[in-house]
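Counting with my numbering, you get residues 33 to 273 for the letters of the sequence shown. For glycine and all other residues, C-beta sits at the position ideal for the given N, C-alpha and C. These notes concern the structure reproduced below.
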Amino acid sequence: MQDFSYDNQIYFLQQHAPTVSIDQSITQVISQEQAELLKSKAIVLQNIDLQGLSAEAVDIIAPLYQRVAKQLTPKRFAHVLRVTKLADAIGQANDFSTTELQATAKAAILHDIARELDCEAMHALAEPKIACESECHLVLHGKAGRALAQQWGIDETVVLDAIEGHTFGVLPDNRVGMAVYIADVSEPGRNVNQDIRELALEDLLSAYKKAVSCKVNYLQSRGKPVHPDTLRVHDEISQLS
Ligand SMILES: [Fe+2]
Ligand SMILES: [Fe+2]
């Protein structure tokens, strides 16, 4: 990774960036207008083309951005940014209200804040209650993320439900949670689920049903346990037309 200074702010650019080089102006990556907005809010970029991010999303992620970056490895943080960008695009494509777009951006930027905690720290935030939660502490990172977000002062139920639900799923009345869930499993860096990503830009519920089924089928095909919360969501959405 290479760092450079940009008007007293440090911007991180990965060397493998396909569209960015150290010699390029930041405005070659995003629009001048966006660059000014991000600069004014001291946002750090990390090889992510944020063009197209809604103004609502920019306003929401600005005060959280640095804190999340410190919580994660650069690789994971890059994933979080791609999820945030895609979740925002899904929200825009599905006519989310301003309030929904704001909640989507907040949940997306925060969704993995507990992902890299060690077992002890994870369990301090989310106590394991069933076998699969005890066997692998990472299973709990959505629940732990919810608890950590609350410690950070986040109190909107829809956002907290979406953070927790990005691992086990949310009920289909939570459009914010569905957008984050889909973005997490289909963001371009994963190199899978392009069909789900494209479907989500046209039909949020169908894409969500497909994403949950995909996860259940994947786990079952490998003989891995499926969390009961995921099965509950799967059963509930399977009954929807
Ligand atoms: Fe996650
Ligand atoms: Fe994630």
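inquiry  = Please state the DSSP three-state secondary structure of Ser129.
reply    = By one-based count along the sequence shown, residue 129 stands at place 97. It is coil, neither helix nor strand.
Item checked: Terminal residues of the alpha helix (DSSP H) in which Ile195 lies -> The residue given as residue 195 occupies position 163 in the sequence shown. Per DSSP, Ile195 belongs to the alpha helix (DSSP H) from Thr189 to Phe200.
Original post:
For Lys247, which option in Leu263, Arg178 and Glu234 has the closest C-alpha, if you only look at C-alpha atoms?
Top reply: Here residue 247 refers to the residue found at position 215 of the sequence shown. Nearest of Leu263, Arg178 and Glu234 to Lys247, Cα basis: Leu263.
Just the residues with CB closer than 7 angstroms to a heavy atom of ligand 2, in chain order, which are they? Screening all residues for a C-beta within a distance smaller than 7 angstroms of any heavy atom in ligand 2 leaves His111, Val112, Val115, His143, Asp144, Arg147, His198 and Asp216, in chain order.
Checklist entry - Are the stretch 154-174 and the stretch 225-237 touching, with three or more C-beta to C-beta distances below 8 angstroms? => result A contact between stretches requires three or more CB pairs, one per stretch, nearer than 8 angstroms, and the stretch 154-174 fails this requirement with the stretch 225-237.
For this session: Look up Thr51 in the DSSP assignment and say whether it is helix, strand or coil.
Result: Counting from one through the sequence shown, the residue named residue 51 turns up at place 19. Unreliable positioning characterises Thr51 in this predicted model, as indicated by a pLDDT of 39, which lies under 50. The coordinate reading is nonetheless provided below. Secondary structure of Thr51 (DSSP, three-state): coil.
Practice problem: Verify whether the separation of the beta carbon atoms of Leu104 and Val112 is less than 8 angstroms. | Solution: If you number the sequence shown from 1, residue 104 lands on position 72. If you number the sequence shown from 1, residue 112 lands on position 80. Between Leu104 and Val112, the CB-CB gap stays under 8 angstroms.
Go ahead and pull the three-state DSSP assignment for Ala146. Position 114 of the sequence shown, counted from the start, is the residue given in the question as residue 146. Ala146 sits in coil when the DSSP states are folded into three classes, being neither helix nor strand.
* Asked: Can you name, in chain order, every residue of its own chain whose Cβ lies under 8 angstroms from the Cβ of Thr130, other than the five neighbours on each side?
  -> Mapped onto the sequence shown, residue 130 falls at position 98. The answer, listed in chain order, is Glu88.
Inset, instruction - Name the two residues that bound the continuous alpha helix (DSSP H) containing Val102. - result: Along the sequence shown, read from residue 1 onward, the residue named residue 102 stands at position 70. Looking at the sequence provided, one finds Lys at residue 102 rather than Val. Counting along the chain, the alpha helix (DSSP H) containing Lys102 begins and ends at Tyr97 to Gln103.
*asked:* Once the 5 residues before and after Pro204 are set aside, which same chain residues still bring their CB inside 8 angstroms of it?
replied: Counting from one through the sequence shown, the residue named residue 204 turns up at place 172. For Pro204, same chain residues with a beta-carbon under 8 angstroms away, outside a window of 5 residues either side, are Met210, Leu237, Tyr240, Glu268, Ile269 and Leu272 in chain order.
With DSSP as the reference, label Ile186 as helix, strand or coil.
Against the sequence shown, residue 186 aligns to sequence position 154. Here Ile186 sits in coil by DSSP.
(Q) Between the alpha carbons of Ile162 and Asp227, how many angstroms are there, rounded? (A) Taking the first residue of the sequence shown as 1, we reach residue 162 at position 130. Taking the first residue of the sequence shown as 1, we reach residue 227 at position 195. Spanning the two alpha carbons is a distance of roughly 33 angstroms.
Point to revise | Closer than 7 angstroms: His173 CB and nearest ligand 1 heavy atom | key: The residue you call residue 173 lines up with position 141 of the sequence shown. Yes, the Cβ of His173 comes within 7 angstroms of a heavy atom of ligand 1.
| Lys256: buried (16+ other C-beta within 10 angstroms of its C-beta) or exposed? | Mapped onto the sequence shown, residue 256 falls at position 224. Residue burial annotation: Lys256 is exposed, with fewer than 16 other C-beta atoms found within 10 angstroms of its C-beta.
If we call anything under 8 angstroms between Cβ atoms a contact, is Ile141 one with Ala215? As a working note, residue 141 is residue 109 in the sequence shown. As a working note, residue 215 is residue 183 in the sequence shown. Taking C-beta atoms as the reference points, Ile141 and Ala215 fail to come closer than 8 angstroms.
ask   = By Cβ distance, which residues of its chain are closer than 6 angstroms to Pro160, with the 5 residues on each side in sequence left out?
value = Taking the first residue of the sequence shown as 1, we reach residue 160 at position 128. Once the five neighbours on either side are set aside, the close Cβ partners of Pro160 are Ser166.
| said: Let me check understanding here. Comparing Cα to Cα, which of Leu180, Gly197 and Arg147 lies closest to Leu157? | reply: Along the sequence shown, one-based indexing puts residue 157 at 125. The candidate whose alpha carbon is nearest that of Leu157 is Leu180.
Within the stretch 213-260, ranges of the alpha helix (DSSP H) (whole runs, at least 4 residues)
Correct list: 226-232 and 236-253.
- request: For Gly177, collect the residues of the same chain with a Cβ closer than 6 angstroms to its Cβ; drop the 5 residues on either side in sequence, then sort them by chain order.
  value: Here residue 177 refers to the residue found at position 145 when the sequence shown is read from its first residue. Within the same chain, and ignoring the five residues on either side of Gly177 in sequence, the residues whose Cβ sits closer than 6 angstroms to its Cβ are Ile145, Ala146 and Ile195.
Through-space distance from Ile186 to Leu149, alpha-carbon basis
Here residue 149 is taken as the residue at index 117 of the sequence shown, counted from 1. Here residue 186 is taken as the residue at index 154 of the sequence shown, counted from 1. If I take the Cα positions, the gap works out to 19 angstroms.
Q: Leaving aside the five residues before and after Lys73 along the sequence, list all residues of the same chain whose C-beta is less than 6 angstroms from its C-beta, in chain order.
A: Residue numbering aside, residue 73 sits at position 41 when the sequence shown is read from its first letter. Any answer about Lys73 is weak, because its pLDDT of 47 lies below 50 and its placement is not dependable; what the coordinates show is given next. Closer than 6 angstroms at the Cβ level, and outside the excluded window around Lys73, lie Ala94.
Q) If we ignore side chains and look at the alpha-carbon of each, how far apart do Val208 and His198 end up? A) As a first step, residue 208 is located in the sequence shown; it is residue number 176 there, counting from the start. As a first step, residue 198 is located in the sequence shown; it is residue number 166 there, counting from the start. Each residue's Cα considered, the two are about 10 angstroms apart.
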